[in-house]
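One structure is given below, encoded as structure tokens.
Residue numbers (our numbering), protein chains in the order written: chain L, 35 to 164; chain Y, 671 to 959.
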């Protein structure tokens with residue numbers, strides 16, 4: 035049997051040309067997107083906060099200066115929003131892992147709950163931070 | 671039904687990778703993170719603001735420090751596992767995939783070890799300094815205040831640290847209040863037992879009515895200042911004073927902002943006015959009889 039080289043479409047380039055964008059697929063890719071953002075931006079920011087607090091008042095005031103700048107505020111707000119989404123959608127994934135709520139209707143209901151919860155949780159946390 | 675591909679089934683081997691472990695680890699760390707993030711959110715809500723003093727007090731608590739460390743390790747582990755999946759799925763260039771995979775692993779490991787070292791050095795192993803203050807100065811001191819340390823034998827070197835706590839008790843023999851502060855350094859020239867000059871930056875107080883220190887007349891019966899009333903007339907006034915700072919003393923009550931106080935020679939005016947008041951009383955006494 036000879037192997038014929040085929041050029042199959044490979045992820046993540048399925049949404050769009052091959053599949054119509056749907057809430058389920060978009061929320062799935064967003065889960066990964068927010069996860070990457072949290073790994074690359076969120077985790078270092080949290081480390082910075084902890085290390086600055088551990089090091090002393092001058093290091094902490096440098097962090098505060100960053101957090102007070104508009105770019106810092108934007109990064110912190112994005113981190114909080116991504117964390118809220120990734121946390122809530124992660125709970126949705128964990129429910130699926132137990133074999134529950136796997137039908138289409140539940141997938142959409144859960145999706146809306148996650149989106150509404152993300153907005154609320156982000157607002158609460160940003161309210162506490164400011 | 672077998673999940674193995676035909677070649678693997680023919681060879682009698684399973685998967686060469688540890689996929690199930692990865693899957694479980696990802697979910698176990700997720701559950702841990704849900705609990706710890708909920709804890710962190712409620713802690714932030716109950717904290718006394720998010721400034722330096724409050725943050726410092728929060729991470730200096732051993733239980734919080736331990737939970738925060740677990741949160742940090744779980745978050746970086748979860749991030750490492752997640753990034754690995756993303757790289758495996760979306761990076762279709764094999765050499766680049768392998769490089770990114772090892773970068774993720776090494777990055778997470780390096781961050782964990784670096785963070786734990788910094789955390790330990792800053793919170794658990796800060797260089798301790800005991801500052802002895804006069805008991806009256808104790809009211810100024812609060813946890814989290816910034817302290818600058820200068821070592822006389824190391825000119826030009828400054829260390830910046832924090833007030834960590836004060837004793838509840840005044841030292842009986844020295845009549846001083848021990849204040850414990852610490853700073854983060856790896857300078858090998860510092861030795862235990864060294865004497866350092868310290869400068870505690872207490873929080874600034876706004877809108878304080880203050881007078882020059884030399885304007886105040888301290889007597890056993892209370893503190894007085896001499897107020898100039900214009901036309902060469904002066905009046906001694908009893909005042910209640912607050913804290914002292916540099917050459918100034920805070921006045922809590924007795925005089926108002928804008929009044930002029932005598933800063934020189936007031937002792938003469940004060941004693942003169944006491945005499946005058948005595949004479950006046952004597953005169954009034956004569957009139958009554």
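All C-beta atoms in this analysis are idealised placements derived from N, C-alpha and C, irrespective of residue type, glycine included.
Residue 842/Y and residue 804/Y have their C-alpha atoms some 12 Å from each other.
Residue 100/L is outside the set of residues whose beta carbon lies under 9 Å from a beta carbon in chain Y. The Cβ atoms of residue 816/Y and residue 830/Y lie closer than 9 Å to each other. Within chain L, the residues placing a beta-carbon under 7 Å from that of residue 707/Y are 121, ordered along the chain. One Cα belongs to residue 82/L, the other to residue 154/L, and the distance between them is close to 26 Å. Listed along chain L is no residue with a C-beta nearer than 8 Å to that of residue 689/Y; the closest approach is about 14 Å. For residue 717/Y, same chain residues with a beta-carbon under 7 Å away, outside a window of 5 residues either side, are 724 and 728 in chain order.
Not a single C-beta of chain Y is nearer than 9 Å to the C-beta of residue 153/L. At a Cβ-Cβ threshold of 9 Å, residue 812/Y and residue 833/Y count as neighbours. The CB of residue 827/Y never comes closer than 9 Å to any CB in chain L; the least such distance is about 14 Å. Per DSSP, reduced to three states, the secondary structure at residue 132/L is coil, with no helix or strand assignment. Residue pairing by DSSP puts residue 847/Y in a beta bridge opposite 803/Y. In terms of beta-carbon proximity, residue 835/Y stays away from the interface with chain L, with every pair separated by 9 Å or more. Close to residue 816/Y, with beta-carbon spacing below 7 Å, are these residues of chain L in chain order: 91. The residues 72 and 76, in chain order, have a CB closer than 7 Å to that of residue 117/L in the same chain once the five nearest residues on each side in sequence are set aside. Residue 104/L has a beta carbon lying at 9 Å or more from every beta carbon in chain Y. Inclusion of residue 866/Y and residue 835/Y in the CB contact set at 9 Å is not warranted, their separation being larger than that value. The beta-carbon of residue 697/Y is placed less than 9 Å from the nearest beta-carbon of chain L. Note: residue 760/Y is not bridge-paired with any residue in the DSSP secondary-structure output.
At a Cβ-Cβ threshold of 9 Å, residue 852/Y and residue 796/Y count as neighbours.
Interface annotation, residue 70/L: in contact with chain Y, CB-CB separation under 9 Å. Residue 882/Y: member of the beta strand (DSSP E) spanning 880 to 882, first to last residue. DSSP places residue 91/L outside any beta strand (DSSP E); the residue lies instead in the alpha helix (DSSP H), whose first and last residues are 91 to 102. In this structure, the beta-carbon distance from residue 907/Y to residue 896/Y falls below 9 Å. A check of alpha carbon separations from residue 889/Y across 806/Y, 764/Y and 937/Y identifies 937/Y as the nearest.
Put simply, the backbone Cα of residue 726/Y is about 27 Å away from that of residue 913/Y. Relative to the Cα of residue 904/Y, the nearest Cα in the group 806/Y, 773/Y, 807/Y and 940/Y belongs to 940/Y.
Close to residue 128/L, with beta-carbon spacing below 9 Å, are these residues of chain Y in chain order: 697, 700, 701 and 704.
Below 8 Å, too few C-beta pairs join the region 693 to 704 of chain Y and the region 136 to 153 of chain L to call them touching: fewer than three. C-alpha of residue 771/Y to C-alpha of residue 750/Y: approximately 9 Å in a straight line.
Within the same chain, 68 and 152 come within 6 Å of residue 119/L by CB-CB distance, once the 5 residues on both sides are set aside. When only Cα atoms are considered, residue 715/Y and residue 162/L end up about 7 Å apart.
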